[in-house]
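Student:
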Amino acid sequence: MKRKDSNIENSVQEVFESTTAIKPVTVSPFFKEKVMHTLFHKAENEKVFFSWLTVRVQFALLILILVLNTLAFTKMKKFSYNDNLEQFVEAYDLSGNKETALFN
Numbered sequence: 001m002k003r004k005d006s007n008i009e010n011s012v013q014e015v016f017e018s019t020t021a022i023k024p025v026t027v028s029p030f031f032k033e034k035v036m037h038t039l040f041h042k043a044e045n046e047k048v049f050f051s052w053l054t055v056r057v058q059f060a061l062l063i064l065i066l067v068l069n070t071l072a073f074t075k076m077k078k079f080s081y082n083d084n085l086e087q088f089v090e091a092y093d094l095s096g097n098k099e100t101a102l103f104n
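Under UniProt numbering, the first residue of the sequence shown carries the number 1, and numbering increases by one thereafter.
1) Go to residue 137, then tell me how far its alpha helix (DSSP H) extends in each direction, as first and last residue.
2) Where does M1 fall in DSSP's three states?
3) Could you check if F73 belongs to the surroundings of the ligand SAM, using beta carbon to heavy atom distance under 7 Å?
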């Protein structure tokens, strides 16, 4: 037990001693200005790119999509499967009533 305790105490002591090696960092006096300039410059570019996508436009697009979906749903309910099948058969001449044979 004493070995483990002494190892832990040694490692804790090494960590405390390593903190004395920390020195203050010198920063350029214009560093903050450069960072702020790049951040605001990027924000301005993004605003120009998405400037047309405002809340009003998003709301109008949402309403338009909902209206189109309801119209499509009501049109789809009016037609039944048989009506669509008959239209398909007529469009591609797939009806079996027109049998032409040589020996009729």
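We put the beta carbon where it would ideally sit given N, CA and C, even for glycine.
Tutor: In brief:
1) Only positions 1 to 104 of the chain appear in the structure, and residue 137 is not among them; the question remains open.
2) Caution applies to M1, whose pLDDT of 49 falls short of 50 and renders its modelled position unreliable; the value that the coordinates give is listed next. Note: M1 maps to coil in three-state DSSP.
3) Absence of the ligand SAM is noted for the structure shown, with no ligands found whatsoever.
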